[in-house]
Amino acid sequence: MPEPVLSIRDLVVNFATDDGIVHAVDGVSYDLYPGETLGVVGESGSGKSVTVMSILGLIPTPPGKIVRGEAFFKGVDLLKVKERELRAIRGKDIAMIFQDPMTSLNPVFTVGEQIAEGIQVHHPSVRDEAARDRAIELLQLVGVPNAQRRVDQYPHEYSGGMRQRAMIAMSIANEPSLLIADEPTTALDVTIQAQILEVMKKAQVETHAATIMITHDLGIIAEMADRVAVMYAGHIVEVGDVDTIFHRPRHPYTLGLMNSLPRLEADERWLKPIPGQPPSMINVPPGCPFHPRCELSRGREPCHTEFPLLEPIDSSQHKSACHFKHELAGETSKFADEAAS
Amino acid sequence: MSVGEVAQRQTSKETLHARAPRGTELIRIEGLRKYFPIKAGLIRREVAQIKAVDGVDLTLKAGETLGVVGESGCGKSTMARSVARLLDPTAGKVTFRGYDITNLSRRELREFRREIQFVFQDPYASLNPRMTVREIIAEPLRVHGRYRSGGKEHVNDLMETVGLKSEHGNRFPHEFSGGQRQRIGVARALALNPQMLMLDEPVSALDVSIQAQVINLLGRLQDEFDLSYFFIAHDLSVVRHISDRVAVMYLGKIMEIGTKADIYETPSHPYTQALLSAAPIPDPAKRGKRERIVLKGDVPSPADPPSGCVFRTRCWKAQDICAEEVPELVDRGQRHPVACHFAEVDAKVIV
Amino acid sequence: MTNPNPSASEHLQGAPPQLDRPSPETATAAEAEELTTFHEEGLEVVARSQWQLARRRFFRHKLAVGSLIVLLLIVLVGVFAEQIAPYSFREQSPLDARMAPTFEGQHYFGTDVLGRDYFSRTVFGIRTSLYVAGVVALLSTLIGALYGAVSGYFGGWIDNLMMRFVDLVLTLPILAVLIVIAALLGNGTPIRVAIILALFYWTTLARIIRGNFLSLREKEYVEAAKASGASDMRIIFRHMLPNSMGPIVVNATLIVATAILVEATLSFLGFGVQPPQPALGKLIDDARGFMQTMPWLVLAPGVTIVVIVLCINFVGDGLRDALDPTQRRLRA
Numbered sequence: 532m533p534e535p536v537l538s539i540r541d542l543v544v545n546f547a548t549d550d551g552i553v554h555a556v557d558g559v560s561y562d563l564y565p566g567e568t569l570g571v572v573g574e575s576g577s578g579k580s581v582t583v584m585s586i587l588g589l590i591p592t593p594p595g596k597i598v599r600g601e602a603f604f605k606g607v608d609l610l611k612v613k614e615r616e617l618r619a620i621r622g623k624d625i626a627m628i629f630q631d632p633m634t635s636l637n638p639v640f641t642v643g644e645q646i647a648e649g650i651q652v653h654h655p656s657v658r659d660e661a662a663r664d665r666a667i668e669l670l671q672l673v674g675v676p677n678a679q680r681r682v683d684q685y686p687h688e689y690s691g692g693m694r695q696r697a698m699i700a701m702s703i704a705n706e707p708s709l710l711i712a713d714e715p716t717t718a719l720d721v722t723i724q725a726q727i728l729e730v731m732k733k734a735q736v737e738t739h740a741a742t743i744m745i746t747h748d749l750g751i752i753a754e755m756a757d758r759v760a761v762m763y764a765g766h767i768v769e770v771g772d773v774d775t776i777f778h779r780p781r782h783p784y785t786l787g788l789m790n791s792l793p794r795l796e797a798d799e800r801w802l803k804p805i806p807g808q809p810p811s812m813i814n815v816p817p818g819c820p821f822h823p824r825c826e827l828s829r830g831r832e833p834c835h836t837e838f839p840l841l842e843p844i845d846s847s848q849h850k851s852a853c854h855f856k857h858e859l860a861g862e863t864s865k866f867a868d869e870a871a872s
Numbered sequence: 002m003s004v005g006e007v008a009q010r011q012t013s014k015e016t017l018h019a020r021a022p023r024g025t026e027l028i029r030i031e032g033l034r035k036y037f038p039i040k041a042g043l044i045r046r047e048v049a050q051i052k053a054v055d056g057v058d059l060t061l062k063a064g065e066t067l068g069v070v071g072e073s074g075c076g077k078s079t080m081a082r083s084v085a086r087l088l089d090p091t092a093g094k095v096t097f098r099g100y101d102i103t104n105l106s107r108r109e110l111r112e113f114r115r116e117i118q119f120v121f122q123d124p125y126a127s128l129n130p131r132m133t134v135r136e137i138i139a140e141p142l143r144v145h146g147r148y149r150s151g152g153k154e155h156v157n158d159l160m161e162t163v164g165l166k167s168e169h170g171n172r173f174p175h176e177f178s179g180g181q182r183q184r185i186g187v188a189r190a191l192a193l194n195p196q197m198l199m200l201d202e203p204v205s206a207l208d209v210s211i212q213a214q215v216i217n218l219l220g221r222l223q224d225e226f227d228l229s230y231f232f233i234a235h236d237l238s239v240v241r242h243i244s245d246r247v248a249v250m251y252l253g254k255i256m257e258i259g260t261k262a263d264i265y266e267t268p269s270h271p272y273t274q275a276l277l278s279a280a281p282i283p284d285p286a287k288r289g290k291r292e293r294i295v296l297k298g299d300v301p302s303p304a305d306p307p308s309g310c311v312f313r314t315r316c317w318k319a320q321d322i323c324a325e326e327v328p329e330l331v332d333r334g335q336r337h338p339v340a341c342h343f344a345e346v347d348a349k350v351i352v
Numbered sequence: 026m027t028n029p030n031p032s033a034s035e036h037l038q039g040a041p042p043q044l045d046r047p048s049p050e051t052a053t054a055a056e057a058e059e060l061t062t063f064h065e066e067g068l069e070v071v072a073r074s075q076w077q078l079a080r081r082r083f084f085r086h087k088l089a090v091g092s093l094i095v096l097l098l099i100v101l102v103g104v105f106a107e108q109i110a111p112y113s114f115r116e117q118s119p120l121d122a123r124m125a126p127t128f129e130g131q132h133y134f135g136t137d138v139l140g141r142d143y144f145s146r147t148v149f150g151i152r153t154s155l156y157v158a159g160v161v162a163l164l165s166t167l168i169g170a171l172y173g174a175v176s177g178y179f180g181g182w183i184d185n186l187m188m189r190f191v192d193l194v195l196t197l198p199i200l201a202v203l204i205v206i207a208a209l210l211g212n213g214t215p216i217r218v219a220i221i222l223a224l225f226y227w228t229t230l231a232r233i234i235r236g237n238f239l240s241l242r243e244k245e246y247v248e249a250a251k252a253s254g255a256s257d258m259r260i261i262f263r264h265m266l267p268n269s270m271g272p273i274v275v276n277a278t279l280i281v282a283t284a285i286l287v288e289a290t291l292s293f294l295g296f297g298v299q300p301p302q303p304a305l306g307k308l309i310d311d312a313r314g315f316m317q318t319m320p321w322l323v324l325a326p327g328v329t330i331v332v333i334v335l336c337i338n339f340v341g342d343g344l345r346d347a348l349d350p351t352q353r354r355l356r357a
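Chains as they are written, first to last, in the numbering used here: chain A, 532 to 872; chain B, 2 to 352; chain C, 26 to 357.
Here it is, written out as C-alpha cells:
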C-alpha cells in the first residue's frame with residue numbers, strides 16, 4: 532500500500548450557535564491514496580463538507596472551532612500551518628470544486644482572467660500571454676466550445692454547465708495532486724451532470740490527481756468512486772471499496788440507505804425506508820448515533836451506551852463502526868441481488 | 002333563477018364533489034400555453050415572451066398517478082401551477098370533471114379548490130413560520146367554513162394519518178425536520194378531502210433516507226383516500242416508482258408520454274433516451290454497461306425556442322425536417338405518443 | 026436486560042430486520058413510533074414560537090435592555106406626571122423666580138423666569154412629547170403598514186400608482202409644509218400636531234412593507250393559502266402581515282424617536298403645542314435667551330430629549346437583531 536496523499540486523523544470540529552454547540556465533525560479519520568477517487572457520501576448534517584472545509588481553513592473560526600485532529604498532506608499537517616502556507620497550497624497542490632460555480636466565480640472578471648490569475652498567483656514568473664494561452668488550452672480540455680472567444684467572456688455569459696467546466700479548468704490549472712469536489716453537480720440538471728462527470732474523469736486522467744468526491748447522490752458515487760466512506764452524524768460509519776459498500780455493506784445505515792433507494796431499472800411495490808429522523812447535532816444521543824433508527828440494534832446493549840469504533844472487518848480496507856457488524860455477514864443489498872442474477 | 006335552475010345548480014355541485022369513479026377522466030388539459038412577458042424600456046413595452054409552457058395536452062384519470070418528468074426550465078412547475086389555477090393560463094383549456102376551469106374567477110374557483118390541492122417542493126418555505134402546525138392544517142377548513150363542526154378532530158386525524166402525533170400540533174414549523182414538514186404540507190393538502198393532489202417535486206429537497214418515507218406515505222394515502230396524483234419531479238427513479246403513466250417534458254412541450262413500461266422499457270424519443278442514460282444508477286456493477294448518450298450543448302432559452310422540434314439543437318438525429326416541422330405527439334408505431342420524426346425504441350439506455 | 030428505550034424495541038419486535046418489504050401499515054406505525062423516540066431522547070426542547078425566540082435574542086443585548094428600562098422609567102414619569110411633579114406646570118411664584126437647581130422647595134431643576142418649577146414643567150413636557158410621538162407612531166404605522174401591504178400584495182399598476190403617490194408625499198419638505206399649516210391653523214393641540222406629523226411619516230413604513238410584501242408574495246406558504254381558496258384580505262392579514270411584524274415594530278420605535286425630535290423642532294420654532302402646555306422643544310425655545318444666565322433651563326429638556334432618542338435607537342437596534350428572521354442554521 533503506497534503512502535497516502537492525505538491522511539485525516541481524529542478530526543473534531545464544533546460550531547457555536549444560538550441553540551448550543553453543534554458537533555459537526557466528531558472524530559473523523561480517513562486516508563486518500565494517490566490516483567484514487569474516494570467518494571464521501573452522507574446526508575445533510577453528516578459532516579462530509581465540514582471535514583474538508585476545515586482542513587483547508589475555509590470555515591469561519593468563530594463560530595467554528597477545530598477542537599483537535601491532524602490532516603497530513605504530503606507530510607505537512609494542514610491544521611497546524613500558518614494561513615500563508617495554506618494559501619500557497621490551496622489552489623496549487625489542493626484544488627476545490629464547489630457546488631455553486633456562480634458564487635465561486637467573480638462576476639467582474641472574465642473567466643480567462645480568473646484562470647490566469649489562478650496560475651500566476653502560484654507561478655509568478657508566468658507571463659500574461661502564456662497564462663492566457665494556458666487558460667484557452669484548459670477551457671478546450673474541459674470542453675467549453677469556442678474557447679478562443681469564451682476565454683474573454685464573463686461568468687454570467689456562461690450557462691450553469693459551462694461555469695462548472697470553467698471551475699474544473701481553474702482547479703486543474705496548477706496540476707494539483709489532490710482534487711476535492713464538494714457536490715459539484717447537485718445544482719445541475721441530470722443531462723448536464725453527465726457531461727460534467729465526464730469532464731471530471733478526463734481531468735483526473737490528465738492530472739493523475741487523487742480525488743475526494745463529496746456528495747449525497749449514491750448514483751454519482753457508484754459511477755466515480757474507487758473507494759467509499761459513508762458518514763453519519765459527524766462520524767465515518769463505514770469505509771471500503773465501492774463494490775463491497777454497494778453490494779455487501781456491513782453497517783446498518785449503509786444497508787438501510789441502499790435499500791431505501793427507488794430503482795431506475797426495476798419496479799417495486801413499496802420502498803424500505805430507514806425509520807426515524809436524522810439526529811440533532813447538538814444533543815447527540817449517547818452510544819452509537821444511529822441507534823435510534825437502527826433495525827439491527829433492536830434496542831440492545833451496547834448500542835445506546837458504548838460508541839462503536841471504526842474497525843476493520845476482513846481486510847484492513849473494509850471497516851465498519853457497528854457493534855453487530857458481524858451479524859450482517861452474508862447480507863446483501865438489493866443491488867447485489869440483481870448483479871447475481 | 003327558476004326552481005329548475007336552482008336544482009340544476011345543486012346537482013352539478015354535488016357531481017363535482019362526489020368521488021369520480023376510477024378510470025374516469027378527472028383532468029383534461031388541451032393546448033395549454035403559459036407565456037411570461039419580458040418587458041423593457043421606459044414604458045415597459047413587451048419585447049419578448051418566455052414560453053414556459055407551449056402547447057401541452059394531458060389527461061389525468063381518477064385513481065392514477067401521472068408523473069411529469071423533465072429538467073429545469075422545461076415548464077413542468079409552471080404547468081402544474083397553471084392547471085391548479087395558481088397562475089392564469091395564456092391559452093388553452095383545462096377541464097376538471099367536465100367543467101372548464103381555465104378562465105374562472107377566484108370566487109368561482111373556490112368550489113374547485115376543494116378538489117384540487119397542491120403540495121409544494123420546499124419544506125422550509127411552504128409552511129407559515131408564524132402559525133402552529135394545527136393552524137396550518139386547519140387553514141383550508143377555516144377558509145371554506147368547515148372548521149366549526151368537527152374541525153379539531155379532523156385535524157388531529159390528519160396529523161396521525163401522516164405520521165405525526167397530535168401533541169405536535171402546538172409547535173411551530175421551524176421545530177421540525179424537512180421530512181416532518183413535508184408531512185405537515187401533505188396533511189394540509191388533505192384537509193378538504195380533495196380528489197387529486199398536485200405535487201411539485203415533493204421529495205426533492207429531502208434527504209435520501211427520508212424521501213423513501215414520504216414516498217411510501219404518499220403511496221399509502223393514495224390507496225386509503227382514493228386520490229389521484231399529478232406528480233412533478235426530475236428524479237427518474239422516483240417517478241418510475243410512483244407513477245402509472247409518465248410524460249417527459251422539454252422546453253414547454255411534451256416529448257413522449259406513455260405508461261411506466263412504455264417510457265422506461267421502450268423509450269422512443271431521443272431526449273427520453275438521453276435522460277435515462279444520464280440518470281446515475283447507484284450500482285457500480287452497472288458501470289460501463291449502459292449505452293451512454295451525452296448530449297451536446299445547453300438548453301436553449303425559453304424566450305427563443307428553436308423552430309420546429311425544440312430538441313433538435315442537442316439531438317444527434319436532427320435533420321432538416323426537424324427545423325421545419327414541429328413533430329406531433331402521436332403514436333408512431335411504439336404504441337405510445339412520441340413527438341419525434343425519427344422515433345425509435347432504444348432499450349440499451351437502461352440495463 | 027434493562028431497556029431505557031421501550032418504544033424502540035417494542036415496535037421492532039414486530040418487524041425483524043430482513044430485506045422484505047414491510048406492509049405499509051407497519052411501516053408508518055414504525056415511523057410514528059420513531060418520532061416519539063426522537064423526541065423522548067431530549068432531542069427536541071419546549072415548543073418555542075418565533076416571538077419567544079426573538080425575546081431571548083433581544084435580552085442578550087444588554088445595551089438594548091438597559092435602554093428599554095430607562096425608557097420605561099421615563100414613560101412612567103410621563104404617565105404619572107401629576108403624582109411626580111411637586112407643582113403644576115403653570116403655577117407661577119415670582120418670588121422664587123430664576124432659582125438654580127436646588128433641593129429647596131423641591132425645585133430640583135430650578136425655576137424659570139416666571140417662577141415656574143422647572144422639574145414639573147419638564148415632567149409634563151415629557152408627557153406631552155411622548156404622547157404626541159406615540160400617537161404619531163401609532164397612526165403612521167397603521168396607515169403605512171396597510172398602504173404598503175396593499176401596494177405590495179397587488180403589484181402591477183396599483184402598486185405603481187400607490188408608490189408614485191408616496192414619492193409625491195416624500196418630495197414635500199416636511200418642515201416647510203408644517204410651518205405653513207401651523208401658520209394657517211395657529212398653534213395646535215397635541216393631538217392635531219400628532220395627526221399632521223403622522224401624515225408625513227407613514228411613507229417610510231409604506232415603502233418598507235411594500236418591499237417586504239413583494240418578496241413574501243412569492244413564498245410558497247402564500248401560494249398554499251391561495252391554493253386553499255383564501256381571499257386576498259385573509260392572505261394579507263392572516264398570512265403576510267404577521268410575517269412583517271419585524272420591520273413594523275422596528276420602524277414604529279424609530280418613528281417615535283424621529284417624532285420627538287420633530288415635535289421638539291416644531292415647538293422650538295414656535296409652531297407646536299400651545300403655551301402654557303409644556304413640550305420639551307417649547308421649553309428649550311422659551312429658554313433661548315437665558316442660556317448664559319440660567320443654563321439649566323436648556324439643559325434639562327435638552328438632555329431629556331437626547332436620552333429618550335438614544336434609548337429608542339438602542340432599543341430599535343436590539344429589536345432589529347432580535348426579529349431578524351434569517352436563522353443561522355448549519356448544513357454540513
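Using N, Cα and C, we set each Cβ at its ideal position, and we do this for glycine too. Since this is a predicted model, take the numbers as computed values, not measurements.
query	result
Using three-state DSSP, classify B:T260 as helix, strand or coil.	strand
Got a sec? Which residues, its chain only, sit under 6 Å from A:Q695 by beta carbon, not counting five neighbours each side?	P632, I727
Just to make sure I have the definition right: I need the residues of chain B whose C-beta is within less than 8 Å of the C-beta of A:F502. Which are they?	Residue 502 of chain A lies beyond the residue range present for chain A, which begins at 532 and ends at 872; the question has no answer from this structure.
A:V759 and A:V768 - do their beta-carbons sit closer together than 8 Å?	no
Any idea which residues DSSP pairs A:R769 with across the strands?	A small fix is needed here, since residue 769 of chain A is Glu in this sequence, not Arg. Bridge partners of A:E769: A:V761, A:S851.
Which chain B residues are close to C:N338, counting only those with a beta carbon under 9 Å from its beta carbon?	Going along chain B, no residue has its Cβ under 9 Å from C:N338, so there is no contact; the nearest lies around 27 Å.
Going along the chain, which residues of its own chain have a beta-carbon closer than 7 Å to the beta-carbon of B:A344, five neighbours each way excluded?	S269, H270, R333, Q335
Of all the CB atoms in chain A, is at least one closer than 8 Å to the CB of B:S428?	What is shown of chain B runs 2 to 352, which leaves residue 428 of chain B out entirely.
Who are the near neighbours of B:E257 in its chain, counting only those whose CB is closer than 6 Å to its CB and skipping five residues on each side?	V249, H270, T273, V339
Taking CB distances under 8 Å as the criterion, tell me whether B:E26 reaches chain A.	no
Where does the unbroken beta strand (DSSP E) through B:A53 begin, and where does it stop?	46–62
Is DSSP giving A:D798 helix, strand or coil here?	coil
Could you name the residues of chain C that B:S127 contacts, counting a contact when the two beta carbons are closer than 9 Å?	K244, E245, Y246, E248, A249
Could you name the residues of the same chain whose beta carbon sits closer than 6 Å to that of A:V544, not counting the 5 residues immediately before and after it, in chain order?	A555, V556, V581, S585, I597
Evaluate B:D89 with the Cβ neighbour count: other Cβ atoms within 10 Å of its Cβ, from every protein chain shown; 16 or more gives buried, anything less gives exposed.	exposed
B:I71 to C:I333, Cα distance in whole Å?	The amino acid at residue 71 of chain B is misidentified as Ile; the sequence shows Gly. So the two alpha carbons sit approximately 60 Å from each other.
Contact criterion: CB-CB distance below 8 Å. Does B:V327 meet it with respect to chain C?	no
Could you tell me if B:K297 is buried or exposed, where buried requires 16 or more neighbouring beta carbons within 10 angstroms of its beta carbon?	exposed
Could you pull out every unbroken alpha helix (DSSP H) segment of at least 4 residues lying fully inside the segment 59–133 of chain B, listed in chain order?	77–84, 107–114
Specify, as a first and last residue, the run of the beta strand (DSSP E) that A:N545 falls within.	537–548
Within the 8 Å Cβ cut-off, does B:A279 reach chain A?	yes
Going by the C-beta, is A:P676 closer than 7 Å to any heavy atom of the ligand NAP?	The ligand content of the structure shown is nil, which means the ligand NAP is not present either.
Kindly indicate which residue of A:A697, A:L802, A:M812, A:G558 has the alpha-carbon position closest to the one of A:I628.	A:A697
Counting Cβ pairs closer than 8 Å, one from the segment 653–671 of chain A and one from the segment 601–613 of chain A, do we hit at least three?	no
Taking just the CA atoms, how far does C:S176 sit from C:M187?	6 Å
What's the gap between the Cα of A:P676 and the Cα of A:I667?	11 Å
What does DSSP give as the partner residues of B:F231 in its beta bridges?	B:L67, B:M199
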